[in-house]
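Below is one structure, written out as structure tokens, with a few remarks after it.
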Amino acid sequence: MSEAAINTQELGEKIVQVLKTIYDPEIPVDIYELGLIYDVFVNEVRDVKILMTLTSPNCPVAETLPVEVEEKVKSLNAVKNAIVEITFDPPWTQDLMSEEAKLELGLL
């Protein structure tokens, strides 16, 4: 492994930190704690794929949120390329939210 190669797990953790800075404009909780991020894939050449969902298919930020996620992840120096894939399978429910998010929204 060359010195230039980065630990993909470390990079994955950095990506999660970036995702925690992105908020659904209608909910005061970041998209990671909301459970909108289903998976983060990082390969050894530092290509990143993020599988995410939206609170609903008619979500007002359906056009802009995935672009924001892609741009913020691409802004990390270690990331070569990033793509965001939106899925509604499984559909998002409040059960996907972290305890922290549920507390923040008064659901616990």
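In full-length UniProt numbering, the protein residues as written are 1 to 108.
Virtual Cβ for every residue (Gly too), placed ideally from N, Cα, C.
Return the first residue and the last residue of the beta strand (DSSP E) that residue i is part of.
i: ASN84; result: Position check: residue 84 holds Val in this sequence, whereas Asn was assumed. Looking at the DSSP string, the run of the beta strand (DSSP E) that includes VAL84 is 81-86.
Using a Cβ-Cβ cutoff of less than 8 Å, which residues in the same chain neighbour residue i once the five nearest sequence positions on both sides are dropped?
i: LYS14; result: LEU76 and ALA78
i: THR87; result: TYR38, LEU51, MET52 and THR53
At which residues does the alpha helix (DSSP H) containing residue i begin and terminate?
i: LEU103; result: 99-104
Leaving aside the five residues before and after residue i along the sequence, list all residues of the same chain whose C-beta is less than 7 Å from its C-beta, in chain order.
i: SER2; result: Residue confidence is low: SER2 scores 46 on pLDDT, short of 50, so the model does not pin down where it sits. No coordinate-derived value is stated.
i: ILE37; result: LEU19, ILE31, ILE50 and MET52
So, residue i versus residue j, is the Cβ gap smaller than 8 Å?
i: VAL67; j: VAL40; result: no
i: VAL18; j: ILE50; result: no
May I have a chain-ordered list of the beta strand (DSSP E) segments no shorter than 3 residues that lie completely inside the segment 12-84? For the segment 12-84, the full-length beta strand (DSSP E) segments reaching 3 residues or more read 37-42 and 47-52 along the chain.
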